[in-house]
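Colleague: According to the numbering used here, the sequence shown is numbered sequentially starting from 1174.
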Amino acid sequence: MSTDGRDLRFVVIGAGMAGLLAAIELRKAGHDDVTVYEKNSGVGGTWFENTYPGLSCDVPSHFYSYSFALNPEWSRRYSSGPEIRSYFEDIARRYEIYPRIRFDSEITECRFEDGRWHLRTKEGTRDVADFVIAATGVLHHPAIPAFEGMADFAGAAFHSARWDHDVPTRDRRVGVVGTGSSAIQIVSALADDVDELVLFQRTAQWIMPTENPPYSEAEHEEFRRNPGAMQTIREETARRFTDGFANILVDAESPILEMTQEMCRQHLEQSVRDPVLREKLRPTYRAACKRLVLSDRFYEAIQRPNARLVTEEIERLEEKGVRTRDGALHELDVLVLATGFRVDRFVRPMEVLGVGGRHLDDAWKDGPTAYLALTVPDFPNFFLLNGPNGPVGNFSLIEVAELQLGYLLQLVEEVRTRRCRTLCVSHRAMERFDRERREAARNTIWASGCRSWYLDASGLPTAWPFTFDRFREEMARPKLVDYATTF
Ligand code: NAP
């Protein structure tokens, strides 16, 4: 209840994995006045926007599931994008979140005034809330390179996250720019069907071998009958991914990173026959410096007779295709830009105005930061899920969001029981966190000498640079001394 006796009102921005989770957990905690604004026409966030061939999640599905909604029907160890999207649709139905979502509604402004948040959508709708939970995701503003001659290309060109399904690729000449997780999945899926596949690689990737067996009907039956079997898989995966991997990313000297690199190296040596191609595919930086790519199909796909790896720099696009610096013209019908995302955007271009009209752009003028990846001074009762400086890497962002929600609900409870209006992290706590974060970032594997979306403009890793265990500890109980209260 708020200071004036009303139930607290919550606005959640985004109906992806984290936004649905927020709505579910708020309701479980007894908060019923919750509205979710979603700019798309469906739920799922990244799993709604990305529809490229081969889309899947490289985190095992029994781990990439809500802890309270394990799914006995996952078809494989690593499920496909459409299957994951269906899972979130099913969750939204089962937890009765659909009636609370306003689809096709993009929040353009959040203004803190008179102790509450005043919101406006692109369509002009207005709303007021005590708390805003921005679950807007990290990787959703496509980064489109400014190649010269882009408009001259007569074929179809689109970003991997904006796949144009009206454009056929079967028996066509298809180019893919990039070697991130998206490109590797696309190449692996398309190589069989296209006439020619040209992969434009700027930087080689370490590829971790992996297997993706389907679950048998007997296993499904066992999961349905005995959810403990899914829980066992989940715990075992968590041990490998979070405790075994996430915890060591922050220690560039870890011997486990050496082992990881050795596994990738052997994968390359054993899978790629042609020594020239093998050397082109060999990275010159340390494994896990960029987000590690998992694939059991990529090396096979790039060695197909109809596939070609181009390592010459792209000079420009022309009517017929891509011209590289060596003068070669690579004629194409379709060009896929798997060139990643503008990761410094977060909630922007939404205008967020905090205490005294302070603009979030001003708070983030040196790059986005958030205390414990959750909240920013001068923006009371405003929380980001999977926000800046959060844990990212080869593990489940669902686990991250669930831990954050646990923390956030404790703050909400403070507001409710102390009948204060707002909680706002102090500048002192933010500065302390940022100082420690920057210091620790230098020891991470991400700072070991490669280009990646983990780095800010100055080259410093922005992700959570401490162990995942520390994240768990921080999220277990808010330190209220770090927050200022208003009544
Ligand atoms: P990304 O990892 O940022 O990769 C972008 C690729 O485009 C890089 O290879 C980059 O080269 C290349 N590139 C960018 N601009 C270029 C230019 N001007 N000329 C040539 N090449 C250029 O993007 P992403 O593959 O979309 O993946 C982003 C993140 O999304 C992943 O790291 C992951 O967190 C998530 N994701 C996850 C999954 C999953 O299975 N869980 C699947 C897809 C994506 P450089 O390396 O040289 O910069």
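Note that CB positions come from ideal geometry on N, CA and C, so glycine has one too.
My guess is that Leu-1450 and Ala-1377 are in contact by the Cβ rule of under 8 Å, so how many angstroms apart are they, rounded?
Modeller: So it is not a contact: roughly 11 Å between Cβ atoms.
Colleague: What three-state label does DSSP hand Met-1381 in the structure shown?
Modeller: Note: Met-1381 maps to strand in three-state DSSP.
Colleague: When you measure from the CB of Cys-1709 to every non-hydrogen atom of the ligand NAP, does any distance come out below 6 Å?
Modeller: Since the first residue of the chain shown is 1174 and the last is 1660, residue 1709 is not available in this structure.
Colleague: Which full runs of the beta strand (DSSP E) of 3+ residues lie inside the stretch 1386 to 1426, going along the chain?
Modeller: Segments of the beta strand (DSSP E) lying fully in the stretch 1386 to 1426: there are none.
Colleague: Relative to the C-alpha of Leu-1363, which candidate in Thr-1415, Asn-1479, Glu-1442 and Gln-1434 has its C-alpha closest?
Modeller: The option with the nearest alpha carbon to Leu-1363 is Asn-1479.
Colleague: Tell me whether Asp-1231 counts as near the ligand NAP, meaning its Cβ is closer than 6 Å to at least one heavy atom of that ligand.
Modeller: Because some heavy atom of the ligand NAP lies under 6 Å away, the Cβ of Asp-1231 counts as near it: yes.
Colleague: Applying the 10 Å Cβ sphere with the 16-neighbour rule, what's the burial state of His-1503?
Modeller: Buried.
Colleague: Kindly indicate which three-state DSSP category Ser-1229 falls into: helix, strand or coil?
Modeller: Correct three-state label for Ser-1229: strand.
Colleague: Alpha helix (DSSP H) containing Asp-1607: first to last residue?
Modeller: Counting along the chain, the alpha helix (DSSP H) containing Asp-1607 begins and ends at 1600 to 1614.
Colleague: Taking the CB atoms as reference points, tell me whether Glu-1492 and Asp-1325 lie closer together than 7 Å.
Modeller: Closer than 7 Å, so yes.
Colleague: With burial defined as no fewer than 16 other Cβ atoms inside 10 Å of the residue's Cβ, what is the status of Met-1190: buried or exposed?
Modeller: Met-1190 comes out buried.
Colleague: From which residue to which residue does the alpha helix (DSSP H) around Val-1360 run?
Modeller: Counting along the chain, the alpha helix (DSSP H) containing Val-1360 begins and ends at 1354 to 1363.
Colleague: Does the CB of Tyr-1627 have a neighbour CB from chain B at under 7 Å?
Modeller: Of the protein chains in the structure, only one exists, and it is not chain B.
Colleague: Drop a sphere of 10 angstroms on the beta-carbon of Pro-1448, count the other beta-carbons inside from all chains shown, and report buried for 16 or more, exposed for fewer.
Modeller: Classification of Pro-1448: exposed, given that the 10 Å Cβ count is below 16.
Colleague: Ordered along the chain, which non-local residues of its own chain (more than five positions away) have a Cβ less than 6 Å from that of Gly-1192?
Modeller: Closer than 6 Å at the Cβ level, and outside the excluded window around Gly-1192, lie Val-1185, Val-1209 and Ala-1308.
Colleague: By a C-beta neighbour count over all protein chains shown, 10 Å radius and 16 as the cutoff for buried, is Gln-1577 buried or exposed?
Modeller: Classification of Gln-1577: buried, given that the 10 Å Cβ count is 16 or more.
Colleague: Would you check if the stretch 1305 to 1320 and the stretch 1546 to 1564 touch, i.e. whether three or more CB-CB distances between them fall below 8 Å?
Modeller: Touching, yes, given that three or more Cβ pairs across the two stretches are closer than 8 Å.
Colleague: Using beta-carbon positions only, say whether Leu-1467 and Thr-1415 come within less than 7 Å of one another.
Modeller: Not closer than 7 Å, so no.
Colleague: For Pro-1182, which residues of its own chain have a beta-carbon under 6 Å away from its beta-carbon, when the five flanking residues on both sides are left out?
Modeller: Note that residue 1182 is Arg in the sequence shown here, rather than Pro. Excluding positions up to five away in sequence, the list reads Asp-1206, Ala-1302 and Asp-1303.
Colleague: How big is the Cα-Cα spacing for Pro-1400 and Ala-1329?
Modeller: Their Cα atoms are separated by approximately 46 Å.
Colleague: For Ser-1253, write down the residues that DSSP places opposite it in a beta bridge.
Modeller: Ser-1229, per the DSSP bridge assignment.
Colleague: Three or more beta-carbon pairs under 8 Å between the stretch 1217 to 1235 and the stretch 1268 to 1287, yes or no?
Modeller: At 8 Å Cβ cutoff, the stretches do not touch.
Colleague: Using the three-state DSSP reduction, which class does Gly-1348 fall into: helix, strand or coil?
Modeller: If DSSP states are grouped into helix, strand and coil, Gly-1348 belongs with the strands.
Colleague: Would a C-beta distance cut-off of 7 Å place Asp-1655 and Ala-1574 closer than the cut-off?
Modeller: In this structure, Ala-1574 does not lie closer than 7 Å to Asp-1655 by Cβ.
Colleague: Following the continuous alpha helix (DSSP H) through Tyr-1656, name the residue where it begins and the one where it ends.
Modeller: That residue, Tyr-1656, is in no alpha helix (DSSP H); its beta strand (DSSP E) goes 1656 to 1659.
Colleague: Looking at the strands, I want to know which residues DSSP matches up with Val-1449.
Modeller: None; Val-1449 has no bridge partner.
Colleague: Does Phe-1641 come out as helix, strand or coil in the three-state DSSP assignment?
Modeller: DSSP places Phe-1641 in helix when its eight states are reduced to three.
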